[in-house]
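Enquirer: Below: one structure in structure tokens.
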Amino acid sequence: MRRPESTVELETLHKTSHSDVRYAPLMANVLAATVLFLAATAGERPAIVVAGPQPPARITRATVLTPAEGPPVILYTAVSETEQRLDTITVMAFVFKADGTLKARQVAPGRRTLEPHETKYSTLVLDGSAIDPTDVIVIGINQTQQVGSDDWWRADLQRAAEAAVPLKKP
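Next up, the structure:
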């Protein structure tokens, strides 16, 4: 950064930085109000995470966000478990009724290009069927492909998902 050459330039810089300082608290208040508004209008609950054997990537955390309007969204964290770059990760979500009956299954591309041991965040919109508040959501990575490879790592997650669902007694 260059030094100001005149008093007028110094005063101009001071005024600019002073207005920037006033802007920051205003934006902090706007951000706080937005977070409170979203918290009041949306529900949040954890999703159950499952994985296949020796996955090149895994989901470490998943949360189902239910807005006041629109379908629920799963916010999840995907972590690479390998030394290789992953080109594509496919995510599968299962929706179970409270009694453990499979209600829906949804597949979606989750991430593109996950670097070795990198963590990325992504979402999956659950718009395949209506989701009830008592439904249980299970998510996992069912396919990955390394950069430059034609081979896919695949896992059948349905049995793991069924086993992970806690059954409610009638």
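Residue numbers (the numbering used here): 1273 to 1442.
Just so you know, even glycine gets a beta-carbon here, dropped at the ideal spot from N, CA and C.
Could you tell me if ALA1340 is buried or exposed, where buried requires 16 or more neighbouring beta carbons within 10 angstroms of its beta carbon?
Expert: Start at 1 with the first residue of the sequence shown, and residue 1340 comes out as number 68. The residue is exposed, with fewer than 16 neighbouring Cβ atoms inside 10 Å.
Enquirer: Tell me where the beta strand (DSSP E) around GLN1417 begins and ends.
Expert: Mapped onto the sequence shown, residue 1417 falls at position 145. Element bounds for GLN1417: 1408-1418.
Enquirer: Where does ARG1431 sit, in a helix, a strand or coil, going by DSSP?
Expert: If you number the sequence shown from 1, residue 1431 lands on position 159. DSSP places ARG1431 in helix when its eight states are reduced to three.
Enquirer: Smallest Cα separation from ARG1357: which of PRO1328, GLN1415, VAL1419?
Expert: One-based indexing of the sequence shown puts residue 1357 at position 85. Looking at the Cα atoms, VAL1419 is the closest of the given residues.
Enquirer: Contact defined as beta carbons within less than 8 Å: I believe VAL1321 pairs with GLY1400. What is the distance between those atoms, to the nearest angstrom?
Expert: As a first step, residue 1321 is located in the sequence shown; it is residue number 49 there, counting from the start. As a first step, residue 1400 is located in the sequence shown; it is residue number 128 there, counting from the start. With a Cβ gap of about 19 Å, VAL1321 and GLY1400 do not count as contacting.
Enquirer: Does DSSP classify ALA1329 as helix, strand or coil?
Expert: Sequence index remark: in the sequence shown, residue 1329 carries index 57 (1-based). ALA1329 falls in the strand class under three-state DSSP.
Enquirer: If the criterion is Cβ atoms closer than 7 Å, does the pair ALA1319 and ARG1330 meet it?
Expert: The residue you call residue 1319 lines up with position 47 of the sequence shown. The residue you call residue 1330 lines up with position 58 of the sequence shown. Taking 7 Å as the Cβ cut-off, ALA1319 and ARG1330 do not qualify as a contacting pair.
Enquirer: Within 10 Å of its beta-carbon, does SER1352 have 16 or more other beta-carbons around it, so buried, or fewer, so exposed?
Expert: Walking along the sequence shown from the start, residue 1352 turns up at place 80. Classification for SER1352: buried.
Enquirer: I think ALA1376 touches VAL1363, with their Cβ atoms under 8 Å apart; what is that distance to the nearest whole Å?
Expert: The residue you call residue 1376 lines up with position 104 of the sequence shown. The residue you call residue 1363 lines up with position 91 of the sequence shown. Actually they are not in contact, since the Cβ atoms of ALA1376 and VAL1363 sit about 14 Å apart, beyond 8 Å.
Enquirer: When DSSP builds the beta bridges, which residues end up paired with VAL1363?
Expert: By 1-based counting over the sequence shown, the position of residue 1363 is 91. ALA1380, ILE1413.
Enquirer: Considering Cα atoms alone, identify which of PRO1438, LYS1392, THR1391, PRO1343 is closest to ASP1404.
Expert: Counting from one through the sequence shown, the residue named residue 1404 turns up at place 132. It is PRO1343 whose Cα lies nearest to the Cα of ASP1404.
Enquirer: Between the beta-carbon of GLY1315 and the beta-carbon of THR1349, is there less than 7 Å?
Expert: Stepping through the sequence shown from its first residue, residue 1315 is reached at position 43. Stepping through the sequence shown from its first residue, residue 1349 is reached at position 77. The answer is no: Cβ separation not under 7 Å.
Enquirer: How would you call LEU1439, buried or exposed, if buried means at least 16 neighbouring beta carbons within 10 angstroms?
Expert: As a working mapping, residue 1439 is identified with position 167 in the sequence shown. Exposed: under 16 other Cβ atoms inside 10 Å.
Enquirer: If you reduce the DSSP assignment to three classes, tell me which class ALA1436 lands in.
Expert: The sequence position of residue 1436 within the sequence shown is 164, counting from 1. Of the three classes helix, strand and coil, the one that applies to ALA1436 here is helix, per DSSP.
Enquirer: Residues bridged to GLY1315 by DSSP?
Expert: In the sequence shown, residue 1315 corresponds to position 43, counting from 1. THR1338.
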